[in-house]
Amino acid sequence: MNGRRFFARRSSDLDEEIEAHLRMAVGDRVERGESLEEAEAAVSKEFGNVPLVKDVTRRMWGWEWLERAAQDLKYAGRRLVKSPGFTIAAVATLTLGIGANTAIFQLLDAVLLQSLPVRNPQELAEVRIADMDKARGGVFSGYPVVTNPLWEKLREDHQGFSEIAAWSDADFSRDSGGDARFARGLWVSGDFFRLLGVRPIQGRVFTAEDDRRGCGLPGAVISYGFWQQEFGGGTALGRKLMLNDKPVEVIGITPANFFGVDVGRSFDVAVPVCSEPMLETKNRLDASTIWWLSVIGRLDPSWPVERVGAHLGAASPAIFAATLRPDYPVESVKDYLAMKLTAEPSAAGVSMLRDQYSDPLRFLLGISGLVLLITCANLASLMLARTSAREREMAVRLAIGAGRWRLIGQVLAESLLLSLGGAIAGALLAGGLSRGLVGYLNTQSNSVSLDFTLDWRWFAFLLAVSLVTCVPFGLAPALRASRTAPVSAMKTGGPGMTAGRARLGFRGALVVSQVALSLVLLFGALLFTESLRNLLTDDPGFQAKGVLIAGLDFTRLQIPVEKRGVFQGQLLDRIRAISGVDAAANTNIVPLSGAGWGNDVWVDGHEATQRQNSNFSSVSPGYFETLRIPRVAGRDFDDQDTAQSPRMAIVNEAFVKKLGLGSNPIGMRFRREATPSSPEEVNEIVGVVKDTKYRHIRRPAGPIAYLDITQDKDADTSMRVLVRSGLPMETIEAAIRRSIHEVSLGISFDFEGLQDQIRQSLLAERLLATLSGFFGGLAVVLAMIGLYGVMSYTVAERTSEIGIRMALGARRGDVTAMILSKAATLVAAGLAVGVGLSLAAGSAAGALLFGLQPRDPVTLTIAVAVLAAVALGASYLPARRAAALDPIASLKDE
Amino acid sequence: MSATREKPNPYQNRVELLQGTLDMLILQTLQWGSQHGYGISQAIRIRSGEVLQVETGSLYPALHRLERQRWVRSEWKLTESNQRAKYYRITATGKKQLASDHGRWQQMVEAIGAIMGVEPEAGEP
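Line order of the protein sequences matches chains A and B. In terms of the working numbering, the first sequence opens at residue 8 and continues consecutively. In terms of the working numbering, the second sequence opens at residue 3 and continues consecutively.
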């Protein structure tokens, strides 16, 4: 039953009981001959104070405290409604502080703190190679990986692990030509699901029997999300999925909470490692130069991870010796045999997102923590001002007999209502903000899926933050007010002449700390914004604007390797022929996309002394024109250069300088080391171009050697074409679609703007700049509200003093100056502390900045100037109000 | 808890009830059958020969407290003059409580009587 209704019913019961009593008493007296009036008067006198009797009786019910608490809350609520300015300011302050903090915490939690949703994640460990830079060949993952021969060896003998499994990311093509569509795939070893303790909700998961060499296509296990999206949650088992044009049968579905082991990237389809030769054009199973499988194991209870790591290290020589295959480059075999394996804990899984964002996220958490401090300071001074104003009222109530605890209870009720309101609104805001943040991180090329279900840690954090913010600051003034002797409070509590200096001192200290903290945040925001601007406006040496990247995949057409180069040329010519296309070229490395290729080079005959590392890129003729990279000397590649003629190269100025080729390098030759796919070769320099950035905009331009893509002997079945055009991207995309369709319906394609791609590579920086800017602005606004509040309070408190001064001849200007100088003192103190803190914080942010010093004096000066100006603006209003006081009226007030 | 309140007493012949005795008097009164609050106060007044006047400000809190302790139970019934009134009835535990209260009261009266009954001269030869 509803407690309140029960209470109300009992109350009316009591009313009726007492009414009956009175009626019977009156009735008796009337019977004895008294008149009705006399009788009523006598009974009333005899009975005494009816409400008091009721009150005393109600107390016997034993839930008086509940009634009181309800009353306190009701009273507090009514008072909050009566002062909407204060309520809105306080709740908004809390909402912003709590909401922002929670959103960041939630993201941090999802990315950094949560364990994998699998059985006993703390027992998981990953196997990694301690010195991966020795490895040669192709690395096909951002995570620690091994080759398939190494994995098979580890599977055979995994002392220290009770179970061991391997996995790798893959994108499986789901289209049959036209616009490309992919399923996010996982290669998994047979024991993968068993090791993680993932049970299927339908069908079955793989076993070791499924994952044997030559298994063909034993089936696919799909994720819950993919099941919903692709099959609408209907019958999926037994149905065939087309993956890379091969039909694969669905044999099982994993539960909704299982996303794989890569936090931030969920999977659609998992297939066994042994299916690789069937689904891909290149068989990786026997390659010792293809590093693609991540190995994860469940530790044997008696083996700590350090011991397993040491054991793997000791066993490494034998493991590597047993897995060397003939494809490994001869001169690197020594390095291969010297590599060492080790093991590391892996309870939280792996995450590209985590590697990329953990520093910015930690920094943002720090920033939002500072905002929370400012929030607290703001709230404290709001509560302080409010209770100070009510001190007189409290004193009066104490004097007429109100209980001290009752008063404290009422102030507490008010704090509680405010913090609850703030927490609820903050939670709503946080939900929206987190979704916004994930949306922000979610890009076309990198889809992010994070688990944001409300868990107890998050809720505890939220609740603690709101209570810690509100209750102490509500309680402290209440305690003090209730300790004040009623008489003295009544004497001084009014807007008198003797303003409590010590009290303003505390409020002043709050303002000083607010100003100091907001300076730190403002400085940080300016640093990150400037850093982002530097990155965005940084000249990479080529013009990305107006360039479209068209990815074409003609694997489906099954063109033999020796004819692929010619076919690529034909496709490129078709694109060039489209009207509106100014220039087009294809390349195997799109600049600033994160892809890279590096080899050692040396001038013929100087291998021992001049061996240097250079970046490489295979490009078609027209590449430099397309990207508008100026040529310094020599010529572009042309159609005369074919697979049969000598290998040509165009190098950049940094290359010339690094190899010391002198002023006229045209015609000189350099050697490129042997790679797993090609022998050592000689290249002749036919041109020199200006430097450009290669892999990431943060890294300075280095040496690059461009090779002619038409001279590549192992042309791929996919190509990336850079298209420059003055027309809108959509128009060009449509034209390319049409043109490629005419060649074959089996070619699939996808498009992205080169500039968009570069912008997306700066996502972490942009996130940091946007959010720190938001928080910086928020901090300044909060600090200004605080300052305004304190100055208004000062003016209100000193009304009579100001009145007297003006009556004695002080001019309005003097009054304004007096108030402003008070504000200036506070602000100056805050700025002084803030500068110290900012310099310390700047150093911590150093690694995240680009193109400016972490203690950049100009930025700091701007921050100080902005804050000082805004602060004085905020205190000018109260100062002017003080100057506008009518001395007579202000004294009469007293 | 006392049967009279601290405000000026309008009745000259009123005797203040001893602590705890009101509960006992109420329970004793209810021994003769269920009764409403007004009836209880009248019964105590009449049986005490108009000496004990129970203040309503003590009576109702006491009744509600006794009910919470489950020594009495209440129900709405009609009076002889056909009015609705809340009647209190003593429970089994209430009877036990009354017995123990009674016993203690007896002891108390004897003890006090033993002290008060002694004449000052009696001890002297």
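All C-beta atoms in this analysis are idealised placements derived from N, C-alpha and C, irrespective of residue type, glycine included.
Strand pairing of A/Phe758, partner residues [DSSP]: Paired residue(s): A/Ala557.
Could you say which of A/Leu769, A/Met675, A/Ala110 lies nearest to A/Asp545 if we only look at CA atoms? Out of A/Leu769, A/Met675, A/Ala110, A/Leu769 has the C-alpha closest to the C-alpha of A/Asp545.
Starting from the beta carbon of A/Phe782, find every residue of chain B whose beta carbon is closer than 9 Å, and list them in chain order. Residues of chain B passing the Cβ test: none, with the nearest at roughly 56 Å.
Does any C-beta atom of chain B lie closer than 8 Å to the C-beta of A/Arg16? No, its Cβ sits nowhere closer than 8 Å to a Cβ of chain B.
Got a sec: does the ligand GDP put a non-hydrogen atom nearer than 7 Å to the Cβ of A/Val228? By its list of ligands, the structure shown contains no ligand whatsoever, and the ligand GDP lies outside what it can speak to.
Is the region 97-116 of chain A in contact with the region 343-361 of chain A, if contact means three or more CB pairs nearer than 8 Å? Short answer: they don't touch.
For B/Arg86, go through chain A and note every residue whose CB falls closer than 8 Å to its CB, in chain order. By Cβ distance, chain A contributes Glu23, Ala27.
Go ahead and pull the three-state DSSP assignment for A/Val152. Three-state DSSP puts A/Val152 in coil, outside helix and strand.
Figure out for me which residue from A/Lys52, A/Tyr335, A/Asn56 has the closest Cα to the Cα of A/Pro686. Nearest neighbour of A/Pro686 by Cα position, chosen from A/Lys52, A/Tyr335, A/Asn56, turns out to be A/Tyr335.
Within 8 Å, strictly: CB atoms of A/Gly694 and A/Tyr701: No; because the gap between Cβ atoms is not below 8 Å, this pair is not in contact.
According to DSSP, is A/Thr288 helix, strand or coil? A/Thr288: coil per DSSP, three-state reduction.
Does the Cβ of A/Arg16 have 16 or more other Cβ atoms within 10 Å, making it buried, or fewer, making it exposed? Counting the other Cβ atoms within 10 Å of the Cβ of A/Arg16 gives fewer than 16, which makes it exposed.
On the CB-based measure, 16 or more other CB atoms within 10 Å of its CB, does A/Lys829 come out buried or exposed? Buried, by the Cβ-count rule.
If you count every other CB in all the chains shown that lies within 10 Å of the CB of A/Gly500, and 16 or more means buried, which is it? Below a pLDDT of 50, predicted positions are generally treated as unreliable, and A/Gly500, at 45, falls in that range; the measurement from the model is reported next regardless. Counting every other CB atom within 10 Å of its CB across the protein chains shown gives A/Gly500 a total of 16 or more, marking it as buried.
Which residue marks the beginning of the alpha helix (DSSP H) containing A/Ala117, and which one marks its end? Counting along the chain, A/Ala117 falls outside any alpha helix (DSSP H), and DSSP gives it neither H nor E.
A/Gly239 to A/Tyr231 span [Cα, whole Å]: Roughly 10 Å between the two C-alpha positions.
CA-to-CA distance, A/Ser388 to A/Ala506, given in whole angstroms: Low confidence applies here, because A/Ala506 scores a pLDDT of 44, under 50, leaving its location unreliable and the question unanswered by this model.
Inter-residue Cα distance where the pair is A/Arg563 and A/Ile754: Computed Cα separation, rounded: 7 Å.
Determine which residues share a DSSP beta bridge with A/Met655 and list them. Answer is A/Glu691.
Could you tell me whether any Cβ in chain B is nearer than 8 Å to the Cβ of A/Arg508? Legend: pLDDT at A/Arg508 = 46, less than 50; position of this residue unreliable, no value from coordinates given.
Take A/Arg508 and list the residues in its own chain whose beta-carbon comes closer than 7 Å to its own, dropping the five residues that flank it on each side. In this predicted model, A/Arg508 has a pLDDT of only 46, less than 50, meaning its place in the structure is not dependable; the value taken from the coordinates is given anyway. Excluding positions up to five away in sequence, the list is empty.
From the DSSP output, which residues share a beta bridge with A/Ala173? Bridge partners of A/Ala173: A/Val302.
Can you name the start and end residues of the beta strand (DSSP E) that A/Leu131 belongs to? That run of the beta strand (DSSP E) goes 131-136.
Just to confirm before moving on: does the CB-CB distance between A/Arg135 and A/Glu351 stay below 8 Å? By the CB criterion at 8 Å, A/Arg135 and A/Glu351 fall inside the cutoff.
Taking only the alpha-carbon atoms, compute the straight-line gap between A/Leu423 and A/Leu103 and give it to the nearest angstrom. When rounded, the distance between both Cα atoms is 17 Å.
Does the separation of the CB atoms of A/Gly433 and A/Leu101 fall below 8 Å? Taking C-beta atoms as the reference points, A/Gly433 and A/Leu101 count as a pair closer than 8 Å.
Flag this pair as touching only if the region 221-235 of chain A and the region 301-309 of chain A have three or more C-beta atom pairs under 8 Å; answer yes or no. Judged by Cβ distances under 8 Å, the region 221-235 of chain A makes no contact with the region 301-309 of chain A, as fewer than three pairs qualify.
Backbone secondary structure at A/Pro686 - three-state DSSP: Looking at A/Pro686 - three-state DSSP - the assignment turns out to be coil, as it is neither helix nor strand.
Can the beta-carbon of A/Ile208 be found closer than 8 Å to that of A/Pro262? For A/Ile208 and A/Pro262, yes; Cβs fall inside 8 Å.
With DSSP run on the structure shown, which of helix, strand or coil describes B/Ile114? In the structure shown, B/Ile114 sits in a helix (DSSP, three-state: H, G or I).
Kindly list the residues whose CB is nearer than 8 Å to the CB of A/Phe758, restricted to its own chain and excluding five residues on each side of it in sequence; keep chain order. Result list for A/Phe758: Leu555, Ile556, Ala557, Gly558, Met736, Glu740, Ile743, in chain order.
For A/Asn56, collect the residues of the same chain with a Cβ closer than 6 Å to its Cβ; drop the 5 residues on either side in sequence, then sort them by chain order. Hits under 6 Å: none found.
Is there a C-beta anywhere in chain A that falls below 8 Å from the one on B/Glu82? Taking Cβ atoms only, chain A never reaches closer than 8 Å to B/Glu82, which makes this a no.
Other residues of its chain near A/Leu427: CB distance less than 8 Å, five sequence neighbours each side excluded: Counting only Cβ-Cβ distances below 8 Å, and skipping sequence neighbours, we find Ser473.
Report the option in A/Ala467, A/Ser175, A/Arg66 whose CA atom is closest to the CA atom of A/Ile105. With distances taken between Cα atoms, A/Ile105 lies closest to A/Ala467.
Backbone secondary structure at A/His703 - three-state DSSP: In this structure, A/His703 counts as coil in the three-state DSSP scheme.
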